[in-house]
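Novice:
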Amino acid sequence: MRKTVLETGSLVAPTWLLVVGLVVSVHASSARAETGAEIFKTRCAPCHTIGGGRLVGPDLKGVSERRDEAWIIHFVQSPATAIEAGDATAVALSKEFAPTVMPDQPLTKAEIVSVLDYIRSGGEGSAAPEPEPEASPAEIARGEALFQGKVRLENGGPACNSCHDVKHADVIGGGVLARELTTVFSRLGGSGVRAILGSPPFPVMQQAYLGRPLTKDEVTSLVGFLRSADEHHALRQPRDYGPKLAISGVIGAAILFILYALLWRKRRKKSVNQAIYDRQIASSN
Amino acid sequence: MNALNALNAFLFIGLPYAAMLIFVIGLALRYRNRGFTITSLSSEFLEGRALFWGVVPFHFGLLVILTGHFLAFLLPSATLAWNSEPLRLIILEVSAFTFGVSVLVGLLALMVRRVVNPRVRAVTTPMDVVVELLLLAQVILGCWIALGYRWGSSWFAADLSPYLWSLLKLSPQTDAVYALPWVIKLHIVGAFLLVLLVPFSRLAHIFVAPLHYFARPYQQVIWNWDRKRIRDPSRGWRKARP
């Protein structure tokens, strides 16, 4: 008879496949090839300019002269690690731009160097955004509807409250996967919020809106809504669920158990051979 | 590439492909060579009372939960459209959590039964224990995510459905998954480990679910006499059956 993996109980084949998987994965993850310009536009431009002045983070013009390249690479890959390690420059930057901490960037050394080359070349199309126009009450109302999905985003992206919460009486409690946005306007300013909505620098948000970006009008409405939520948040009660979700689930499960009992009320309550088993046990004692 | 990136690449690219490959090849080999072992080996014959309170809540809960995950994977846009009305979103999330609790309670009941009942303990294999512990971790993580990272149905459709599709299209897009909290990452890894274990464990019984029971006619059991009257001691024995 032929012996198979399962019959011999051998784990040789699965182990080999895992090794192959590891090799494939290492290759696949290093197979990206974006230019410095592309990376700058998607990851850096929401918060930084090249010669356009300070935005959410510092103006990056001449950054290669100001800082050592090895330091930049280390910092960009994980700003939080550099700050925690007590790096003096990183700590000073985090104080200057508090409370916003730059998110970790999953970029390789080569990719960061290509971005630095792009910055050194002067970087086209990275000028500071135009000043923020004031949103009308109608736009703020539309922003509120867009935020919680009552009006779908034109290109089919998920509503903001899938991942974000905002303290607002008319908005249902939002998601808690990403940051709470009640005071985002104070933290990042209109141009920062607008830049992030236009070109999200965070990988999870990037994926969520990949191929279905927000339109210019939607961004204006959402920025207006977030500004109004920020300005009035002290007067508003948050719609927090607390333990209500958990309690509803437990009550729901209790109802399910009653249903199971009713649906199977005619079930056989003992195993068929319980009497035979009991007699065997009794006579062997 | 640093160690964390390598670990992420292994867990979310290498492991999924290895799991899917082992799943397909292993299941085909097991079906071809030892087809009769594709079963969960019912223990209702050994113990029935506690089994009911474990097996029914566990399986019905799991059917609903898995269908939910599968639908959000297959139809992400429809899921987002459904969730666009806040009330519908809350109904979906609370119902999903309800069935999650049903799975958790059912699984715990089954595990207690396995430990307490000597007859069930006698037919327990080490792989049963591995599978049950992994399932328990998976269910606890799932309930934790439902409450701790709420509106999972929406962000699953927005972020994890594209990731799973990218795996199937052989061009993995993993940046978003790498950036997720570890609770969610562990839930994803647990799912692929369960897929990997299917050919080596009782999990294979998913593929021999007796779905034809829904469509087949009732089994007709015909008695040619009245069973109660024939055993009635107040009636004497008769030659002819009543």
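Protein sequence lines correspond, in order, to chains A and B. Mapping of the first sequence onto my numbering: residues 724 to 1008, in sequence order. Mapping of the second sequence onto my numbering: residues 5 to 246, in sequence order. Think of the CB as a built atom: it goes at the ideal place given N, C-alpha and C, for glycine as much as any other residue.
1) Just to make sure I have the definition right: I need the residues of chain D whose C-beta is within less than 8 Å of the C-beta of Gln-871/A. Which are they?
2) Are the beta-carbon atoms belonging to Ala-162/B and Ala-858/A less than 9 Å from one another?
3) Please identify the residue among Lys-232/B, Phe-196/B, Leu-45/B and Val-98/B whose C-alpha is closest to the C-alpha of Gly-972/A.
4) Can you tell which of Glu-867/A, Pro-966/A, Gln-828/A and Ala-803/A has its C-alpha closest to the C-alpha of Ala-892/A?
5) Using a 10 Å radius around the Cβ and a threshold of 16 neighbouring Cβ atoms, would you call Gly-934/A buried or exposed?
6) Within 10 Å of its beta-carbon, does Ser-752/A have 16 or more other beta-carbons around it, so buried, or fewer, so exposed?
7) Span of the alpha helix (DSSP H) holding Ile-919/A?
8) Work out the CA separation of Asn-87/B and Val-786/A for me, nearest whole Å.
9) With DSSP as the reference, label His-209/B as helix, strand or coil.
10) Report the rounded CA-to-CA distance for Leu-137/B versus Gly-110/B, giving the unit in angstroms.
11) Does the segment 174-186 of chain B come within contact of the segment 912-930 of chain A, defined as at least 3 CB pairs closer than 8 Å?
12) Name the chain B residues whose beta carbon is nearer than 7 Å to that of Arg-990/A?
13) When DSSP labels each residue in this structure, what does Phe-925/A get in the three-state scheme?
14) With DSSP collapsed to three states, give me the class of Lys-232/B.
15) Could you please give the first and the last residue of the uninterrupted alpha helix (DSSP H) stretch that includes Gly-898/A?
16) Under 9 Å, Cβ to Cβ, is there at least one residue of chain A near Arg-233/B?
17) Here's a check: name, in chain order, each residue in its chain whose Cβ is nearer than 8 Å to the Cβ of Ile-17/B, leaving out the five neighbours to either side.
18) Check whether the segment 783-800 of chain A and the segment 829-843 of chain A touch, using three or more Cβ-Cβ pairs below 8 Å as the test.
19) Can you give the Cα-Cα distance for Leu-283/B and Gly-39/B, rounded to whole angstroms?
20) Taking Ile-94/B as the query, report the chain A residues whose CB atoms sit under 8 Å from its CB, ordered along the chain.
21) Taking the alpha-carbon positions, what's the Gly-879/A to Glu-862/A distance?
22) Sorted by chain position, which residues of the same chain lie with C-beta nearer than 8 Å to Ser-81/B's C-beta, five sequence neighbours on each side aside?
23) For Glu-877/A, which residues from the same chain have a beta carbon less than 6 Å from its beta carbon, with the 5 sequence-adjacent residues on both sides left out?
24) Mapping DSSP to helix, strand and coil, what is Ser-270/B?
25) Compute the beta-carbon to beta-carbon distance between Pro-105/B and Ala-984/A, rounded to the nearest angstrom, for a pair I have assumed lies under 8 Å.
26) Out of Ala-85/B, Leu-31/B, Asn-9/B and Gly-65/B, which one is the CA nearest neighbour of Lys-873/A?
27) Exposed or buried, which one is Ser-885/A when buried takes at least 16 other CB atoms within 10 Å?
28) Just to confirm my understanding: we take Leu-911/A, look at its own chain, exclude 5 residues before and 5 after, and list those with CB closer than 6 Å. What are they?
29) Compare the C-alpha of Ser-201/B against each of Thr-71/B, Met-131/B, Val-116/B and Val-68/B and name the closest.
30) Between the segment 175-189 of chain B and chain A, which residues of the former have a C-beta closer than 9 Å to a C-beta of the latter?
31) If contacts are defined as beta-carbon pairs under 8 Å, then Ile-94/B and Ile-895/A qualify, I think. What distance do you get, rounded to the angstrom?
32) Would you report the Cα separation of Pro-781/A and Leu-139/B, rounded to the nearest angstrom?
33) With distances taken from CA atoms, which of Leu-114/B, Pro-122/B and Ser-158/B is nearest Glu-89/B?
34) Rounded to a whole number of angstroms, what is the C-alpha to C-alpha distance between Leu-190/B and Phe-14/B?
35) Since I believe Tyr-153/B is in contact with Arg-900/A (beta carbons under 8 Å), could you give me their beta-carbon distance rounded to a whole number of angstroms?
36) Counting only beta-carbon separations shorter than 9 Å, does Gly-152/B have a partner in chain A?
Specialist: Taking the definition as stated:
1) Protein chains A and B are contained in the structure displayed, whereas chain D is not.
2) One-based indexing of the second sequence puts residue 162/B at position 158. One-based indexing of the first sequence puts residue 858/A at position 135. In this structure, Ala-858/A does not lie closer than 9 Å to Ala-162/B by Cβ.
3) Indexing the first sequence from 1 puts residue 972/A at position 249. For Gly-972/A, the nearest C-alpha among the options comes from Val-98/B.
4) Position 169 of the first sequence holds residue 892/A. Minimum Cα distance to Ala-892/A is reached at Glu-867/A.
5) Within the first sequence, residue 934/A is the residue found at index 211, counting from 1. Classification of Gly-934/A: exposed, given that the 10 Å Cβ count is below 16.
6) Taking the first residue of the first sequence as position 1, residue 752/A is located at position 29. Its pLDDT being 48, under 50, Ser-752/A is placed unreliably in this model, and the value from its coordinates should be taken loosely. Buried.
7) For the purposes of this step, residue 919/A is taken as the residue at position 196 of the first sequence. Ile-919/A -> alpha helix (DSSP H) spans 907-921.
8) As a first step, residue 786/A must be located in the first sequence, where it is residue number 63. As a first step, residue 87/B must be located in the second sequence, where it is residue number 83. Approximately 44 Å between the Cα atoms of the pair.
9) Taking the second sequence and counting its residues from 1, one reaches residue 209/B at position 205. If DSSP states are grouped into helix, strand and coil, His-209/B belongs with the helices.
10) Reading the second sequence from its first residue, position 133 is the one you call residue 137/B. Reading the second sequence from its first residue, position 106 is the one you call residue 110/B. The straight-line gap from Cα to Cα measures roughly 13 Å.
11) yes
12) As a first step, residue 990/A must be located in the first sequence, where it is residue number 267. Per Cβ cutoff of 7 Å: Phe-56.
13) Here residue 925/A refers to the residue found at position 202 when the first sequence is read from its first residue. If DSSP states are grouped into helix, strand and coil, Phe-925/A belongs with coil.
14) In the second sequence, residue 232/B corresponds to position 228, counting from 1. Three-state result, Lys-232/B: helix.
15) Counting from one through the first sequence, the residue named residue 898/A turns up at place 175. No alpha helix (DSSP H) contains Gly-898/A, which DSSP labels as neither H nor E.
16) In the second sequence, the residue the question calls residue 233/B occupies position 229. By this cut-off, Arg-233/B is not an interface position.
17) By one-based count along the second sequence, residue 17/B stands at place 13. Closer than 8 Å at the Cβ level, and outside the excluded window around Ile-17/B, lie Leu-171, Pro-176 and Thr-178.
18) yes
19) Look at the range of chain B in this structure, 5 to 246, and you will see that residue 283/B is not part of it.
20) Mapped onto the second sequence, residue 94/B falls at position 90. Those are Ile-895, listed as they occur along chain A.
21) Against the first sequence, residue 879/A aligns to sequence position 156. Against the first sequence, residue 862/A aligns to sequence position 139. C-alpha separation (whole angstroms): 19 Å.
22) Walking along the second sequence from the start, residue 81/B turns up at place 77. The answer, listed in chain order, is Ala-161.
23) Translated into positions along the first sequence, residue 877/A becomes position 154. Closer than 6 Å at Cβ, skipping near neighbours: Thr-938.
24) Limits of chain B in this structure are 5 at one end and 246 at the other, which puts residue 270/B out of reach.
25) To locate residue 105/B, count along the second sequence from 1; it is residue 101. To locate residue 984/A, count along the first sequence from 1; it is residue 261. Pro is not the amino acid found at residue 105/B; the sequence shown has Val there. 16 Å between Cβ atoms; not a contact.
26) Walking along the first sequence from the start, residue 873/A turns up at place 150. Among Ala-85/B, Leu-31/B, Asn-9/B and Gly-65/B, the Cα nearest to that of Lys-873/A is on Ala-85/B.
27) Counting from one through the first sequence, the residue named residue 885/A turns up at place 162. Buried, by the Cβ-count rule.
28) Indexing the first sequence from 1 puts residue 911/A at position 188. The answer, listed in chain order, is Val-779.
29) One-based indexing of the second sequence puts residue 201/B at position 197. Note on residue identity: the sequence assigns Leu, not Ser, to residue 201/B. Here the closest residue by C-alpha is Met-131/B.
30) Ser-175, Pro-176, Gln-177, Thr-178, Asp-179, Ala-180, Val-181, Tyr-182, Ala-183, Leu-184, Pro-185 and Ile-188
31) For this step, residue 94/B is matched to residue 90 along the second sequence. For this step, residue 895/A is matched to residue 172 along the first sequence. 7 Å between Cβ atoms; contact.
32) Locating residue 781/A in the first sequence gives position 58, where the first residue counts as 1. Locating residue 139/B in the second sequence gives position 135, where the first residue counts as 1. For Pro-781/A and Leu-139/B, the distance between alpha carbons rounds to 48 Å.
33) As a working note, residue 89/B is residue 85 in the second sequence. Ranking Leu-114/B, Pro-122/B and Ser-158/B by Cα distance to Glu-89/B puts Ser-158/B first.
34) For this step, residue 190/B is matched to residue 186 along the second sequence. For this step, residue 14/B is matched to residue 10 along the second sequence. Spanning the two alpha carbons is a distance of roughly 13 Å.
35) For the purposes of this step, residue 900/A is identified with residue 177 of the first sequence, where counting begins at 1. For the purposes of this step, residue 153/B is identified with residue 149 of the second sequence, where counting begins at 1. Per the sequence shown, the amino acid found at residue 900/A is Leu instead of Arg. Between Tyr-153/B and Leu-900/A the Cβ distance is about 5 Å, and since that is below 8 Å, they are a contact.
36) Against the second sequence, residue 152/B aligns to sequence position 148. Yes, Gly-152/B lies at the interface with chain A (some Cβ there is under 9 Å from its Cβ).
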